[in-house]
Amino acid sequence: MYRWYRNAQVCYAYLNDVDEEVFPVERDGKKFDKSNGWPEWFVRGWTLQELIAPKRVEFFNKDWVSIGNKRRLALVLEDITKIQTDVVMDGLAGRRLSVAQIMSWAADRKTTRVEDRAYSLMGLFGVNMPMLYGEGEKAFQRLQLEIIRTSSDHTIFAWDPFGNIQRTGSVLAEDPSDFRYCGRIKKVEPSEFVDKLMNYIGYYDLGNPWCIRRETHSTLTKIPTNPAHWCRLAWLRWCAQSFSQQLRTFTVSNAGIQVCLPAIPLSDSPSRFRALLACSDGSTLETIDLVLAGSSFDRTSRADGATALPEFKTLYLTYNLDANETHREFTLDDKHASYYGFTRCGTFPRKFPGDTVTLSSLTDDLIVIVYANDDVKSRFAVGLGYYLRRGWVHIVYDDQEADWTAFAENAHARMWKARAKHAQSMPERLDDPTSDYDDYFVKHAHLPRSIWGVKVAWGGWGTGDFKVMVDVEQCPGCCDGPCTWTTTRRPRRGIDTPGLMGADYNQHKYKLDGWLTWLDECSGQQIALGDYGDYSNGNFKCTGNIFEDTRTLVNDPTSSVYCPVVSRVAVGEQGTNFVTYSHNGKLVFPRQPKGLSLPTNECLVLLLKSLSTRAAGKHLVITVIQCSGFYEDDDDGERDPGDREFSAMIVYCSLFDLEYRTQPQTVGTTPQCHKL
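Per the working numbering, the sequence shown starts with residue 6, numbered consecutively.
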């Protein structure tokens, strides 16, 4: 199409929204309110090449009355389109225009189909690629990659020169609007690059030059006096000349866009760099900030802290991000915080319904949730963030702001500034598919001027999404938070328990509602559901029962909300899905077994928290198996096991520990299980 327009003798532009018999020379926001104050023809994507390519363009109003041609209207057209008059009159032939300049002309143009924003620019850049309607925004990514394969123009990376777009990810722009303010950015040839680089270093006083400032009339001159600085500059100048060819070479692969650039390390993070591009807006070189993400570098939002001299580095720049890597779902469980009167005030900078929110690393996403107890005037904020393709959590307590919204905004600003540090401080989970446990991580922060402490548990690894639990507990105030992350563990299989209450297994196996677990060898000890106590040397010493202890704390501890959950027990099936233990070398099975488990509802969790002082660190019996008797299975068939009588068998217990132990609780050789 571009070639077709370029070869035409004359092209006619029909302006259907122009009534007058003269071309509009001033912006009219009322008449052309949907097209930036100018006729609609000038905001359509496809008409850009229709204006530039032909030698002659005649404009007509809605009545097909001629109102001028592009040569006579060149100055007005430059005001409308920001395209230089010589390009308007004579096209692109023979002109050294940068990619960024051409892209800037299309920044405010629209197309019916999103793919056409890219396809309408192919002729202007002289590239060819298949038109695949349905690919959406990927069309513009493909266009940029085609330009990179045929050009050594660094301005294609120079979009958003003022740092207005807060986004981390691909080094390529998302659409032409990212180039809106790039109309003055031009390529810097290799012969000019060395001098531009030296000027940039001097302008920003990079590398500790020990400058003397001399002011003569209206001119300020900075004279470096550090001898070592002169040597480093000489070496850098030699490197810039040696790498001139590499500066002009791009290689696109699945690892990223390979390019050699001078890079300055940033002081806020060892993984962040500022890369200098071979392009300029007329004063200094353009730069982009990069952050190391795996083996390649993502482009990220602009930061402060560039003081060192640049070094030439071969970088792989990210250009294609998997959607699964750019978004993560955070599931928040904060119902336990309400036990001590802390309620969720709100979230900042946006609301999210329910307990699930999706965050994006493309925008360095961060959301802050504020909790408060107005009775004791205590408040804290939990930040959920996704940065550098890593999820992170942080706690900030109140600094006496007037209201929660001011506190939320201040907490967001503090955590946003330190988001790189928070992301890098998150613990790494060592993925061991053979392990029976998932690692969870816990951080504690004491709330100043109060008796409360906040605990945030972080985990959830199956799908790559994250689970966050927020809890409040009484704290003696001996800590100074936020502290570092500590590790706790939770079995992957077994009965679900509130919060991070642990569970473990012994050597004998059974299935309870499909969940495979273990039991201990039987004895004559009688233990009831809800018992808690000490467990050592294979013996369980009961020190209390949660229902007996809480008769004064709840109106009716026998209420239906505390009723045991009845489960089916699989017995006698093939494989290991049956109850079995060794008795005189024989296999023994229970008759008519059923499982009784504590409910895992909020009422029971609050009940357990009310006993946190006396029961912390104890073992809690959460499941029992009841049966009418046992039988042995030997070569002669079924028979009763001698004169032994059984009425109930306790087969499973779980660690009840509101202190979030950092190691799995193991006593003797039978972890977290006990004998009947």
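Don't be surprised by glycine CBs; every beta carbon is placed ideally from N, CA and C.
- The region 411 to 422 makes no contact with the region 443 to 461; the number of CB pairs closer than 8 Å stays below 3.
- Around the beta carbon of K75, 16 or more other beta carbons lie within 10 angstroms, which makes this residue buried.
- The region 298 to 373 contains, as complete beta strand (DSSP E) runs of 3+ residues, the segments 301 to 305, 316 to 322, 332 to 338, 348 to 353 and 361 to 365 (chain order).
- The beta carbons of A450 and I374 sit about 14 Å from each other, so the pair does not count as a contact at 8 Å.
- By the CB criterion at 7 Å, P275 and P315 fall outside the cutoff.
- Bridge pairing for Q263: T256 and Y321 [DSSP].
- The C-beta separation of L53 from W9 comes to about 15 Å, leaving the pair out of contact by the 8 Å criterion.
- For W421, the three-state secondary structure derived from DSSP is helix.
- Using a 10 angstroms sphere on the CB of N66, the tally of other CB atoms reaches 16 or more, which defines it as buried.
- Between I72 and V27, the gap from beta carbon to beta carbon is short of 7 Å.
- A straight line joining the alpha-carbon of G346 with that of A377 spans about 8 Å.
- Pairing Y321 with A462, the inter-Cα distance amounts to about 35 Å.
- Under the three-pair Cβ rule at 8 Å, the region 89 to 105 counts as touching the region 180 to 200.
- Residues of the same chain with a CB within less than 7 Å of the CB of N606, apart from the 5 flanking positions on each side, are V566 in chain order.
- Per DSSP, T628 is one residue of the beta strand (DSSP E) stretching across H624 to Q631.
- According to the DSSP assignment, S285 belongs to the beta strand (DSSP E) that extends over R277 to S285.
- The straight-line gap separating the alpha-carbon atoms of S615 and K340 is approximately 15 Å.
- The beta-carbon separation of V296 and F385, rounded to 29 Å, does not stay under the 8 Å limit for a contact.
- The beta carbons of L282 and F162 sit closer together than 7 Å.
- In the structure shown, D380 adopts coil according to DSSP, grouped into three states.
- Around the beta carbon of W457, 16 or more other beta carbons sit within 10 angstroms, so the residue counts as buried.
- Beta-bridge partners assigned by DSSP to T492: F446.
- Secondary structure of M6 (DSSP, three-state): coil.
- Beta-bridge analysis with DSSP links Q479 to W457.
- One thing to note: T160 has its Cβ within 7 Å of the Cβ of C284.
- Inter-segment contact for the region 289 to 308 and the region 121 to 136 is absent: fewer than three beta-carbon pairs are separated by less than 8 Å.
- According to the DSSP assignment, C16 belongs to no alpha helix (DSSP H) but to the beta strand (DSSP E) extending over C16 to Y19.
- Your pair I372 and V381 does not check out as a contact, with CB atoms roughly 26 Å apart and the cut at 8 Å.
- For the pair T90 and I170, the Cα-to-Cα distance works out to about 30 Å.
- Counting the other CB atoms within 10 Å of its CB gives C608 a total below 16, which places it among the exposed residues.
- Under the three-state reduction of DSSP output, P135 falls in the coil class, being neither helix nor strand.
- In the DSSP assignment, K192 forms a beta bridge with C284.
- Check the Cα spacing between F184 and each of D210, A112, T492 and T348: the tightest is with A112.
- Looking at the backbone, the Cα of R419 and that of R333 are separated by about 22 Å.
- A428 and G390 do touch by the CB rule: their CB atoms are close to 7 Å apart, below 8 Å.
- Taking C-alpha positions only, C244 is separated from F317 by approximately 7 Å.
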